[in-house]
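Heads up: the sequence shown begins at 1 in full-length UniProt numbering, then just goes up one per residue. Note that the Cβ used here is the ideal one computed from N, Cα and C, for glycine as well. Here the structure is laid out as structure tokens; the discussion comes afterwards.
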Amino acid sequence: MAPSLKDLQLTQVSKTPAFGAGAGDDGGDDLEDVRLLDSYENSEGVEQGMRRIQVRVTGMTCAACSNSVEGALQSVNGVLRASVALLQNRADVVVDPRLVKDEDITNAVEDAGFEAEVIPEPSTNGVKQHGTLSGQFSIGGMTCAACVNSVEGILKGLPGVKRAVVALATSLGEVEYDPTVISKDDIVNAIEDAGFEASLVQSSEQDKIILGVTGIFSEIDAQLLEAIISNLKGVRHFRLDRISRELEILFDPEVVNSRSLVDGIEGASNGKFKLQVANPYTRMTCKDVDEASNMFRLFISSLVLSVPVFLIRVVCPHIPLLYSLLLWRCGPFEMGDWLKWALVSVVQFVIGKRFYIAAARALRNGSTNMDVLVALGTSASYFYSVCALLYGAVTGFWSPTYFETSAMLITFVLLGKYLECLAKGKTSDAIKKLIELAPATALLLVKDKGGRCVGEREIDALLIQPGDTLKVLPGAKVPADGMAVWGSSYVNESMVTGEAIPVSKEVNSLVIGGTINLHGALHIQVTKVGSDTVLHQIINLVETAQMSKAPIQKFADFVASIFVPTVVALSMLTFLGWYVAGAC
Numbered sequence: 001m002a003p004s005l006k007d008l009q010l011t012q013v014s015k016t017p018a019f020g021a022g023a024g025d026d027g028g029d030d031l032e033d034v035r036l037l038d039s040y041e042n043s044e045g046v047e048q049g050m051r052r053i054q055v056r057v058t059g060m061t062c063a064a065c066s067n068s069v070e071g072a073l074q075s076v077n078g079v080l081r082a083s084v085a086l087l088q089n090r091a092d093v094v095v096d097p098r099l100v101k102d103e104d105i106t107n108a109v110e111d112a113g114f115e116a117e118v119i120p121e122p123s124t125n126g127v128k129q130h131g132t133l134s135g136q137f138s139i140g141g142m143t144c145a146a147c148v149n150s151v152e153g154i155l156k157g158l159p160g161v162k163r164a165v166v167a168l169a170t171s172l173g174e175v176e177y178d179p180t181v182i183s184k185d186d187i188v189n190a191i192e193d194a195g196f197e198a199s200l201v202q203s204s205e206q207d208k209i210i211l212g213v214t215g216i217f218s219e220i221d222a223q224l225l226e227a228i229i230s231n232l233k234g235v236r237h238f239r240l241d242r243i244s245r246e247l248e249i250l251f252d253p254e255v256v257n258s259r260s261l262v263d264g265i266e267g268a269s270n271g272k273f274k275l276q277v278a279n280p281y282t283r284m285t286c287k288d289v290d291e292a293s294n295m296f297r298l299f300i301s302s303l304v305l306s307v308p309v310f311l312i313r314v315v316c317p318h319i320p321l322l323y324s325l326l327l328w329r330c331g332p333f334e335m336g337d338w339l340k341w342a343l344v345s346v347v348q349f350v351i352g353k354r355f356y357i358a359a360a361r362a363l364r365n366g367s368t369n370m371d372v373l374v375a376l377g378t379s380a381s382y383f384y385s386v387c388a389l390l391y392g393a394v395t396g397f398w399s400p401t402y403f404e405t406s407a408m409l410i411t412f413v414l415l416g417k418y419l420e421c422l423a424k425g426k427t428s429d430a431i432k433k434l435i436e437l438a439p440a441t442a443l444l445l446v447k448d449k450g451g452r453c454v455g456e457r458e459i460d461a462l463l464i465q466p467g468d469t470l471k472v473l474p475g476a477k478v479p480a481d482g483m484a485v486w487g488s489s490y491v492n493e494s495m496v497t498g499e500a501i502p503v504s505k506e507v508n509s510l511v512i513g514g515t516i517n518l519h520g521a522l523h524i525q526v527t528k529v530g531s532d533t534v535l536h537q538i539i540n541l542v543e544t545a546q547m548s549k550a551p552i553q554k555f556a557d558f559v560a561s562i563f564v565p566t567v568v569a570l571s572m573l574t575f576l577g578w579y580v581a582g583a584c
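As structure tokens, then:
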């Protein structure tokens with residue numbers, strides 16, 4: 001078990017000569033150390049004691065990186081202890097506030113080649129210090145590193161946004177913001193105004209729930225559901241999607257909780273409507289699957305239309321019968337030219353429409369990405385070929401066309417996009433498997449006012465509240481973190497510890513959500529739900545690892561941001577060079 005903060009601080013105090021901890025000290029010196037430690041805990045970092053600082057470190061990729069950061073921190077005068085956690089991307093530093101400031105810590109880490117940010121101390125209500133909230137947003141439409149830089153720049157430029165990190169691999173953005181200055185909807189609108197798709201996945205302020213609704217068969221049913229929700233107390237806003245049957249409710253957590261909302265709607269409808277909480281991670285996985293399927297359809301369509309164009313240009317000239325048919329003149333053009341023009345036009349403007357949309361979006365934001373390069377390259381090939389045909393029809397001087405270049409380029413790029421979607425799906429597999437460790441439902445023990453159990457009911461595991469008493473049957477998974485209040489059993493905790501030997505659980509034993517109850521039944525009182533559970537913290541560590549950027553990746557992002565302008569500039573110089581050479 002990792003030592004507590006108090007243990008770490010006491011160790012550091014006893015090792016510091018200024019506190020008089022000599023080799024021959026007796027119990028009185030230890031008591032003095034404890035008094036000094038208590039003075040530290042009550043001083044909140046004033047001159048009498050030490051201060052503990054949590055630092056978020058970005059760019060670490062291996063143990064050598066963490067050792068480098070740890071050495072840089074320990075070399076700062078006034079740092080008593082520094083330990084770096086590679087997986088969490090964090091550093092825990094104990095300093096003398098009279099000698100060290102926050103800037104000294106961040107500068108030491110940055111001098112070592114990494115990025116650092118001091119993490120504000122959390123307050124008791126789950127909101128970050130100074131009222132800062134953390135929100136995770138799903139961002140669609142990003143195609144390359146330049147898009148990521150554009151979105152990050154937009155988010156960081158919003159008033160009230162403290163920090164913004166966007167990951168292309170997961171299509172997620174993590175934003176820390178001041179809710180008194182900017183809201184979640186404002187952040188979503190800013191991303192959408194930039195031409196990207198955005199939606200809130202989850203926030204540290206639990207005031208929103210998305211429910212799947214069954215029982216809506218007509219417009220009258222939808223109106224009945226809306227009337228029921230309108231009469232519920234604490235509901236700020238709601239939106240019902242009649243096509244997907246999804247209900248999004250924004251509520252006041254101080255007035256009503258998510259389970260009360262679900263019970264209120266189902267009770268008022270006399271069981272007509274059945275509600276199921278939509279897991280945000282499951283919805284993201286479904287979205288990734290849909291995106292991959294759509295990209296595969298586009299690729300296959302482009303391939304089917306591009307292969308004939310390639311055959312007309314390369315293979316058919318070696319087959320006399322087919323070549324004679326292609327040379328047959330139909331109007332001002334040959335039949336082969338008509339076929340290539342028609343097929344490539346579909347590929348260019350129907351299948352390749354997404355490249356024009358993404359390029360226009362990027363240019364509107366003042367940036368250039370790979371979609372701009374694809375749109376420019378394919379358009380140049382296509383329109384040159386069209387102009388060559390029209391010029392030949394007018395003057396009789398026929399120049400070669402390059403329709404197949406445009407079609408095949410779009411096909412290969414779509415293949416790359418499809419493979420990228422598959423890679424994104426593999427990236428989220430780890431999170432998906434972690435989510436599957438938690439059970440979907442739980443048995444809630446219903447109690448009367450006197451605290452006696454009067455029955456049990458099955459509820460959605462996402463509706464569990466702190467203080468609930470749950471029944472865990474043999475062979476079932478523990479729904480949430482809590483404490484056993486009745487029964488005895490053995491629990492398989494290998495999910496967390498890796499140890500296959502079952503652990504005995506008696507009354508007052510702590511249990512972890514997602515572990516498996518092997519033998520006897522248990523009654524547990526829930527102590528932690530949502531983001532406070534051990535399983536969710538593991539998921540957060542995986543997400544943090546996926547969203548962190550190594551220094552080489554940041555350099556690649558910088559190169560990507562100037563790659564397209566450089567290519568366009570070189571192409572213009574090439575054109576001007578040949579034009580001048582031809583004129584001379």
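Just curious, the alpha helix (DSSP H) that residue i is in, first and last residue?
i      : result
Trp398 : Looking at the DSSP string, Trp398 is not in any alpha helix (DSSP H), and its letter there is neither H nor E.
Val268 : Residue identity check: residue 268 is Ala in the sequence provided, not Val. Per DSSP, Ala268 belongs to the alpha helix (DSSP H) from 258-268.
Ala430 : 429-435
By DSSP's criteria, residue i is part of a beta bridge. Which residues make up the other side?
i      : result
Trp486 : His523
Ala108 : Answer is none; Ala108 lacks a bridge partner.
Phe238 : Ile249
Arg98  : Looking at the DSSP assignment, Arg98 forms no beta bridge with any residue, so it has no partner.
Val534 : BP columns for Val534 are empty, so no partner.
Arg90  : Arg56, Ala85
Lys233 : Partner(s): none; Lys233 has no beta bridge.
Lys528 : Asp481
Identify which residue in the options has its Cα closest to the Cα of residue i.
i      : options                        : result
Lys424 : Cys62, Gly577, Ser293          : Ser293
Phe296 : Thr401, Ile351, His318         : Ile351
Asp207 : Ser504, Lys184, Ala476, Asn508 : Lys184
Phe217 : Leu211, Arg242, His237         : Arg242
Asp481 : Ala442, Leu298, Val446         : Ala442
Gln202 : Glu192, Gly173, Gln223         : Gly173
Gly153 : Ile512, Gly78, Gly366          : Gly366
Val161 : Val181, Ala393, Leu305, Glu420 : Val181
Gly331 : Arg245, Gly392, Leu275         : Gly392
Leu445 : Glu103, Ser83, Asp468          : Asp468
Glu291 : Ser509, Ala521, Gly141         : Gly141
Ser488 : Ser531, Val472, Ser258, Val277 : Val472
Phe403 : Ser571, Ile209, Val346         : Val346
Phe251 : Gly264, Gly416, Asp263, His237 : His237
Asn517 : Glu334, Gly234, Glu493, Lys528 : Glu493
Val55  : Ala222, Ala82, Gly514, Val255  : Ala82
Enumerate in chain order the residues of its own chain whose CB-to-CB distance from residue i is below 6 angstroms, with the five nearest sequence positions on each side excluded.
i      : result
Pro179 : Leu133
Val568 : none
Val374 : Phe355, Val413
Tyr156 : Checking the sequence shown, residue 156 turns out to be Lys, not Tyr. Ala164.
Cys453 : Leu445, Lys447
Arg52  : Val94
Glu248 : Ile210, Arg239
Excluding the 5 residues preceding and the 5 following residue i in the sequence, name in chain order all residues of the same chain whose CB lies nearer than 7 angstroms to its CB.
i           : result
Thr574      : none
Leu363      : Val372
Ala112      : Ser68, Val69, Ala72
residue 639 : This structure cannot settle anything about residue 639, because the visible part of the chain is limited to 1 through 584.
Ser504      : Tyr490
Glu420      : none
First and last residue of the beta strand (DSSP E) that includes residue i?
i           : result
Ala82       : 79-85
residue 594 : The first residue shown for the chain is 1 and the last is 584, placing residue 594 beyond what the model contains.
Ile139      : 133-140
Ile243      : From DSSP, Ile243 is part of no beta strand (DSSP E); its letter is neither H nor E.
Lys274      : 274-277
Val57       : 51-58
Report yes or no: is there a C-beta of chain B within less than 8 angstroms of the C-beta of residue i?
i      : result
Lys505 : This model lacks chain B altogether; it includes just one protein chain.
Among the residues of its own chain, which have a CB less than 8 angstroms from the CB of residue i, if the five just before and after it don't count?
i      : result
Asp337 : Leu389, Thr401
Ile139 : Val151, Val166, Ser171, Leu172, Gly173, Ile191, Phe196, Glu197, Ala198
Pro159 : Val181, Ile182
Next item on the list: Please go through the region 153-230 and give each complete alpha helix (DSSP H) segment of 4 or more residues, from N-terminal end onward.
Entry: 184-193, 219-230
Item checked: Unbroken stretches of the beta strand (DSSP E), 3 residues or longer, contained in the region 300-380 -> none
Note to self: In chain order, what are the residue ranges of uninterrupted alpha helix (DSSP H) at least 4 long that sit wholly in the region 439-522?
What the structure shows: 494-497
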